[in-house]
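Trainee:
There are 2 protein chains.
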Amino acid sequence: MDEFNLHPRLASDCHPLGDLSLSTVLLLNDSRYPWVILVPRRPDIREIYQLAAADREILLEESCRVGQFMMKAFRGEKLNVGALGNLVPQLHLHQVVRNSTDPAWPGPVWGHSTAVPYGREMLVERTRILREGLSLAG
Amino acid sequence: MDEFNLHPRLASDCHPLGDLSLSTVLLLNDSRYPWVILVPRRPDIREIYQLAAADREILLEESCRVGQFMMKAFRGEKLNVGALGNLVPQLHLHQVVRNSTDPAWPGPVWGHSTAVPYGREMLVERTRILREGLSLAG
Chain A
-12 MDEFNLHPRL
-2 ASDCHPLGDL
8 SLSTVLLLND
18 SRYPWVILVP
28 RRPDIREIYQ
38 LAAADREILL
48 EESCRVGQFM
58 MKAFRGEKLN
68 VGALGNLVPQ
78 LHLHQVVRNS
88 TDPAWPGPVW
98 GHSTAVPYGR
108 EMLVERTRIL
118 REGLSLAG
Chain B
-12 MDEFNLHPRL
-2 ASDCHPLGDL
8 SLSTVLLLND
18 SRYPWVILVP
28 RRPDIREIYQ
38 LAAADREILL
48 EESCRVGQFM
58 MKAFRGEKLN
68 VGALGNLVPQ
78 LHLHQVVRNS
88 TDPAWPGPVW
98 GHSTAVPYGR
108 EMLVERTRIL
118 REGLSLAG
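Which chain is which? The protein sequence lines are A and B, in order. Residue 124 in the numbering used here sits at position 137 of the first sequence, with consecutive numbering throughout. Residue 69 in the numbering used here sits at position 82 of the second sequence, with consecutive numbering throughout.
Below you can see the structure in the form of structure tokens.
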């Protein structure tokens, strides 16, 4: 059985936040949106329906926990949740906090425009909020 | 307690396919993509995490069943699943079959370009495939 390895594109585009029981938690390096990506640590999975039923339920629970916390912590108007994977086939689930003042509103964030990387101070602060709020070790 | 009513924008943009145990199943009127929308019949819900835990699990099961069937029936390369709701706040979950030959590939379908409505023959055929494959009554 193959082992799980994070796709290099996800590794290069994101900052690692830690692990939940199923998913590795990543912060996308785009400071314009609170944007967290969950990657279930299972090899060779492209679609949610390919996960075992028990894993699917854990992924859903993790997505809800992360999304609800982000909406509260970052005062979001709407949460966008999506599994696309047209470019990066490894299953990964986006949770993006949206506001009517953000650059892509009301359109989708995917494919909208080039990311604006975090500066050091904002990255440290947002990482701290997420790691504490989601009880992420590591 | 309020009752559930389908959002008028979803009603006007889609063809009804029938009901699953939790969700009303809609076919988006864009013939370029096999694109099914699930709308849980619960009032006043905007986010997946606002659903009761039992409803969340049913929604996930329905999404996986619909998505897996669509990928097989329409020979998809990748499934896109998303809950956005920036324009239509009523919770609705997109399942879109993607192919590298489709107009928006590899970008997202949301916000890409104006829908191309179904002609009668293709609508009848796609509706039949989905209603039979998903055992939808109505």
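C-beta: ideal position from N, C-alpha, C; glycine also.
1. Is the shortest distance between the beta-carbon of A41/A and the beta-carbons of chain B less than 9 Å?
2. Are the CB atoms of L46/B and I35/B nearer to each other than 9 Å?
3. Under a Cβ-count criterion, where at least 16 other Cβ atoms within 10 Å of its own Cβ denotes burial, should N67/A be classed as buried or exposed?
4. Could you pull the DSSP bridge partners for D6/A from this structure?
5. As a quick exercise: from D17/B, D(-11)/B and S8/B, pick the residue whose alpha carbon is nearest that of L(-3)/B.
6. Check whether the Cβ atoms of V83/B and P21/B sit closer than 9 Å, and answer yes or no.
7. Quick one: is R(-4)/B near chain C, going by C-beta distance under 9 Å?
8. Might you give, ordered along the chain, the residues of its own chain that have their beta carbon closer than 6 Å to the beta carbon of G69/A, omitting 5 neighbours on each side?
9. Return the first residue and the last residue of the alpha helix (DSSP H) that A40/B is part of.
10. What is the C-beta distance between P27/A and L78/A, in whole angstroms, given that I count them as a contact (C-beta under 8 Å)?
11. G5/B and R107/B look like a contact to me (Cβ under 8 Å); what is the Cβ gap, rounded to whole Å?
12. Looking at the secondary structure, which residues open and close the alpha helix (DSSP H) in which G120/A lies?
13. Just checking: is the beta-carbon of P76/A within a distance shorter than 9 Å of some beta-carbon in chain B?
Mentor: This is what the structure holds:
1. no
2. yes
3. buried
4. T11/A
5. D17/B
6. yes
7. Of the protein chains in this structure, namely A and B, none is chain C.
8. H81
9. A40 to A60
10. 6 Å
11. About 19 Å separates the two Cβ atoms, so there is no contact after all.
12. R107 to G120
13. yes
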